[in-house]
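>
In my numbering, the protein residues as written are 168 to 1117.
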């Protein structure tokens, strides 16, 4: 629409126009073009300067400008110049002269009804619902953005009031710097007389923190409110999701039923046939294997029959063939192995005769690598022992679901300490039986090897003597009698009839080595009976016995050198050591597999001590069986002990730190159990006493701790520290291997208590930590007495550790000397602090002292009052001797300040009025001081206050 023809053209009628019912004359029926009412402001007028930036009605009347735009429907509808307000849109827009004309329908367009949009409405209805729901949930973007922007700006302005330190991710009040920044306690530690200002400051700080809290809570509530619609939307969609899941579950159930029917009809029968065929093949293989095993088993009596008939060659062949079958076709069968027998069987060696025969056969065939095979079998057996023990233990625990936890190691880790400890005890017991069996077997093998070695040596010696005899026969000038020794029997080959000389007979009797042989002499044995040469010696046998009582008959030369046999004997002994090492290594791996999740490090003291004792017992048992201590398990125990010591120390140090940080340094009552604890130490027993519940309930707590007749006023932290120290000493008794580590850790604990208590009391750290108002003289005296109690027990602790340390480590005891020195220095510093307190008081009061009436002066009355307060604070805490020594030092400080002030006032001991006033004041001071309890005999020596007469 426009105000001219060019801007608002109207279509012209013609004879072919289909929008009219009939042809009409356009000049008669078509109204002239009308413009919209001019409701916009008129074009600007004025001088030429103002026309340079606005359109001109003269020059720009035919060019469309922004001022021609009059499409302002509200302005048109509310045109005040119209006579009436028509309800028709076109008359309102185009004026009252507009004539409504009926439009002729087109012949080329179809008739459109609502049915044409039915399909579209059905397709779009779901989207429309979702759209409407989203419109209801989410506000219009522009409104939401403006609201959110305004709210965000306001929240941002409010949050800027909160200090940045509260917004830090690492904000923690246990940090001292953070705590001091948030709560500036220095503002409240003002001098006396400003309590009202402190209260106002505290109230102002509380209001500020409350204001910060309100700001944060309001912002959090606002953020939650912004997301409340999303929460409600999620709850609304939850029901729809449940319906979808229900339908899905029903569909899955139907699908599973169909699959089960298909499996039953089409697959189950075929798979069953395949399983049966596979089972039949396996059964055939097992049957053939059993037949072969039965054949091998039947060879054992056959070997015994061959050995009984001296058919050694046939027996060796049968043994070799059987071993070949065992190594090839029966390689995976364990039923023929001696080591894998049930460990509950008391018999250590089965068929000892068979074992002897097998060893002889292996030596005959020079197959000396059988010890390596035996070593491999030991490793496999040790693994199987642990595996079988774990399986047996896990099967007894109902809480372990083996279907869920598949791995055996994971099942083992699910055992608690008592269950796992019983399992470890069972493994150690089985290992002990296993080592006994290995030792018995190796002893038999060792006996056979030594018998063969002895046979070789005797045969060689016989041949040498035979050569000497032949040389004697050939030489008539040699001795008439020669003595040959064979298998422990004396054989006389006399070339002339005569008796043996006594010396030779004694020598021959000493050469008798066989218990089964009988000595013979030239008197009882004739020459043909006793004469033996090298050929006849090979037909005789050597007899000995195994540890099990089986006779060993060596009748043939094994053709093994002494070096080979000696090396084999040494390897047997090393194999026994190796068996011990194997058991220890497997035990270490078992421990490490359980320690992966930190199980061993989480054990308490009693549990670890029990475990340590069990392991030490097993180490000693294996050492007694095998003759050598294996180090792998001992090293693992030491490693775990070190971890235990570290955790033990850290737990107690942390506990002591917490106790000190919460200690208010007030005298604590002493429960009866702590008095019993101290009494047990006095009796020479450095151990935690057994709890006596009935007796402890009847006895009331005492005010002080009595140690060897002396009273100690202590705080609660020191009582617990004494108990902790005894725990260290008892741990050393239970685990001797950690003595040196425990000594170092205990020294560190004692040093920590000394330094931390110094920081809290002398350094006034307790003001900030626990909120004490001030460190009083009572706090100082109590701290000193606690330190003295620890110093009293340091020699006892030193003697306890000295008795358990090896002599080469006595140098570590010097730690206790250093600790004692540090504690004494700390006690001296506390005493000096008490004296310094009174020294500053004397300096303050006596600097204002004037020698004048009345007597006693106000200064001396105040001094005596402060001295009485000091005495009242410390007398019940410190022993009488220490109290007297402390007041002597305080009195020395008092005399020094008084002497200085009298010198400043030019008051001398001249008997004048001023001297009399001072003497009266000093007498008042002396009388009050000596009137205090325990200070009656105190030598004050007040004459030192006077300067020498000038």
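Just so it is clear, CB atoms sit at the ideal spot from N, CA and C, and this is done for glycine as well. What you are looking at is a predicted structure, and each value in this text was computed from that prediction instead of being measured.
Where does residue 287 land, buried or exposed, given buried means 16+ other C-beta within 10 angstroms?
Here residue 287 is taken as the residue at index 120 of the chain shown, counted from 1. Residue environment for residue 287: exposed (fewer than 16 other C-beta atoms within 10 angstroms of its C-beta).
> Classify residue 371 as buried or exposed, calling it buried when 16 or more other Cβ atoms lie within 10 Å of its own Cβ.
Looking up residue 371 in the chain shown gives position 204. When all chains shown are included, residue 371 counts as exposed.
> Rounded C-beta distance between residue 872 and residue 803? I'm assuming under 8 Å.
Counted from its first residue, the chain shown places residue 872 at position 705. Counted from its first residue, the chain shown places residue 803 at position 636. 42 Å between Cβ atoms; not a contact.
> Under a Cβ-count criterion, where at least 16 other Cβ atoms within 10 Å of its own Cβ denotes burial, should residue 1058 be classed as buried or exposed?
On the chain shown, position 891 is the one that residue 1058 refers to. So residue 1058 counts as buried.
> Could you check if residue 809 is buried or exposed, using at least 16 other CB atoms within 10 Å of its CB as the buried criterion?
The sequence position of residue 809 within the chain shown is 642, counting from 1. Exposed, by the Cβ-count rule.
> Rounded to a whole number of angstroms, what is the C-alpha to C-alpha distance between residue 1129 and residue 1083?
The chain is shown from 168 up to 1117; residue 1129 falls before or after that span and cannot be answered.
> Considering only the alpha carbon of each residue, which of 468, 476, 750 lies closest to residue 489?
Counted from its first residue, the chain shown places residue 489 at position 322. For the residues 468, 476, 750, the minimum Cα distance to residue 489 belongs to 468.
> Smallest Cα separation from residue 537: which of 390, 521, 612?
For the purposes of this step, residue 537 is taken as residue 370 along the chain shown, with counting starting at 1. Ranking 390, 521, 612 by Cα distance to residue 537 puts 612 first.
> From residue 839 to residue 806, what distance separates their C-alpha atoms?
Against the chain shown, residue 839 aligns to sequence position 672. Against the chain shown, residue 806 aligns to sequence position 639. Cα to Cα, the separation comes out at about 39 Å.
> Should residue 944 go down as buried or exposed, given a rule of 16 or more other Cβ atoms within 10 Å for buried?
Numbered from its first residue, the chain shown carries residue 944 at position 777. Residue 944 should be labelled buried.
> At which residue ranges does the segment 905-946 contain complete alpha helix (DSSP H) runs of 4 or more residues, listed in the order of the chain?
906-924, 933-936
> In terms of alpha-carbon separation, which member of 848, 460, 880 lies closest to residue 495?
Walking along the chain shown from the start, residue 495 turns up at place 328. When only C-alpha atoms are compared, the closest one is 460.
> Kindly list the residues whose CB is nearer than 6 Å to the CB of residue 908, restricted to its own chain and excluding five residues on each side of it in sequence; keep chain order.
Here the question's residue 908 lines up with position 741 in the chain shown. So the list reads 812, once near-sequence residues are dropped.
> Between the C-alpha atoms of residue 301 and residue 294, what's the straight-line distance to the nearest angstrom?
As a first step, residue 301 is located in the chain shown; it is residue number 134 there, counting from the start. As a first step, residue 294 is located in the chain shown; it is residue number 127 there, counting from the start. Rounded to whole angstroms, residue 301 to residue 294 spans 10 Å at the Cα level.
> Once DSSP output is grouped into helix, strand and coil, what is the label at residue 886?
Sequence index remark: in the chain shown, residue 886 carries index 719 (1-based). DSSP places residue 886 in helix when its eight states are reduced to three.
> So is residue 433 buried or exposed if we call it buried at 16+ other beta carbons inside 10 Å?
For this step, residue 433 is matched to residue 266 along the chain shown. Per the 10 Å Cβ criterion, exposed.
> So, are the CB atoms of residue 869 and residue 842 less than 8 Å apart?
Taking the chain shown and counting its residues from 1, the one referred to as residue 869 is at position 702. Taking the chain shown and counting its residues from 1, the one referred to as residue 842 is at position 675. Cβ distance < 8 Å, so residue 869 and residue 842 count as in contact.
> For residue 1064, is the classification buried or exposed, using 16 other Cβ atoms within 10 angstroms of its Cβ as the cut-off for buried?
Along the chain shown, one-based indexing puts residue 1064 at 897. Its Cβ being crowded by 16 or more others within 10 Å, residue 1064 is buried.
> Do you know offhand how far residue 969's Cα is from residue 920's?
Stepping through the chain shown from its first residue, residue 969 is reached at position 802. Stepping through the chain shown from its first residue, residue 920 is reached at position 753. So the two alpha carbons sit approximately 23 Å from each other.
> Alpha carbons only, please: which of 829, 865, 1051, 894 is nearest the one belonging to residue 848?
Taking the first residue of the chain shown as position 1, residue 848 is located at position 681. For the residues 829, 865, 1051, 894, the minimum Cα distance to residue 848 belongs to 894.
> Take residue 959 and list the residues in its own chain whose beta-carbon comes closer than 7 Å to its own, dropping the five residues that flank it on each side.
Numbered from its first residue, the chain shown carries residue 959 at position 792. Excluding residues within five positions, the ones whose Cβ falls inside 7 Å are 874.
> If you follow the alpha helix (DSSP H) that residue 517 is part of, which residue opens it and which one closes it?
Within the chain shown, numbered from 1, the residue matching residue 517 stands at position 350. Here residue 517 belongs to no alpha helix (DSSP H), and DSSP marks it neither H nor E.
> Please report how far the alpha carbon of residue 926 lies from the alpha carbon of residue 326, in whole angstroms.
For the purposes of this step, residue 926 is identified with residue 759 of the chain shown, where counting begins at 1. For the purposes of this step, residue 326 is identified with residue 159 of the chain shown, where counting begins at 1. If I take the Cα positions, the gap works out to 39 Å.
> Taking all protein chains shown into account, do 16 or more other C-beta atoms lie within 10 angstroms of the C-beta of residue 384, making it buried, or fewer, making it exposed?
One-based indexing of the chain shown puts residue 384 at position 217. With fewer than 16 other CB atoms across the displayed protein chains lying within 10 angstroms of its CB, residue 384 is exposed.
> Would you report the Cα separation of residue 420 and residue 401, rounded to the nearest angstrom?
As a working note, residue 420 is residue 253 in the chain shown. As a working note, residue 401 is residue 234 in the chain shown. Rounded to the nearest angstrom, the two C-alpha atoms are 28 Å apart.
> Could you check where the beta strand (DSSP E) with residue 874 kicks off and where it finishes?
To locate residue 874, count along the chain shown from 1; it is residue 707. From DSSP, the beta strand (DSSP E) with residue 874 extends over 872-874.
> Rounded to whole angstroms, how far is the Cβ of residue 1033 from the Cβ of residue 1008, which I believe are closer than 8 Å?
Translated into the one-based positions of the chain shown, residue 1033 becomes position 866. Translated into the one-based positions of the chain shown, residue 1008 becomes position 841. Rounded, the Cβ-Cβ distance is 6 Å, consistent with contact.
> Who pairs with residue 869 in a beta bridge, going by DSSP?
Position 702 of the chain shown holds residue 869. 837.
> Write down every uninterrupted run of the alpha helix (DSSP H) in the segment 355-420 whose length is 4 residues or greater and which is fully enclosed by it, in chain order.
362-393
> Suppose you measure from the CA of residue 633 to the CA of residue 626; what does that come to, to the nearest Å?
In the chain shown, residue 633 corresponds to position 466, counting from 1. In the chain shown, residue 626 corresponds to position 459, counting from 1. Spanning the two alpha carbons is a distance of roughly 10 Å.
> Okay, do the segment 818-834 and the segment 766-780 touch, 3+ Cβ pairs below 8 Å being the bar?
no
> Per DSSP, what kind of secondary structure is residue 744 in: helix, strand or coil?
Sequence index remark: in the chain shown, residue 744 carries index 577 (1-based). In the structure shown, residue 744 sits in a helix (DSSP, three-state: H, G or I).
> To the nearest angstrom, how far is the alpha carbon of residue 867 from that of residue 844?
Taking the chain shown and counting its residues from 1, one reaches residue 867 at position 700. Taking the chain shown and counting its residues from 1, one reaches residue 844 at position 677. Distance between the alpha carbons of residue 867 and residue 844: 15 Å.
> For the alpha helix (DSSP H) that residue 879 lies in, which residues bound it at each end?
Start at 1 with the first residue of the chain shown, and residue 879 comes out as number 712. From DSSP, residue 879 is part of no alpha helix (DSSP H) but of the beta strand (DSSP E) over 877-879.
> Tell me whether residue 685 sits in a helix, a strand or coil according to DSSP, three-state version.
Within the chain shown, the letter at position 518 stands for residue 685. Unreliable placement is indicated for residue 685, whose pLDDT of 37 sits below 50; the coordinate value is still reported in the next sentence. Of the three classes helix, strand and coil, the one that applies to residue 685 here is coil, per DSSP.
> Around the C-beta of residue 571, are 16 or more other C-beta atoms found within 10 angstroms, so that it is buried, or is it exposed?
The residue you call residue 571 lines up with position 404 of the chain shown. The residue is exposed, with fewer than 16 neighbouring Cβ atoms inside 10 Å.
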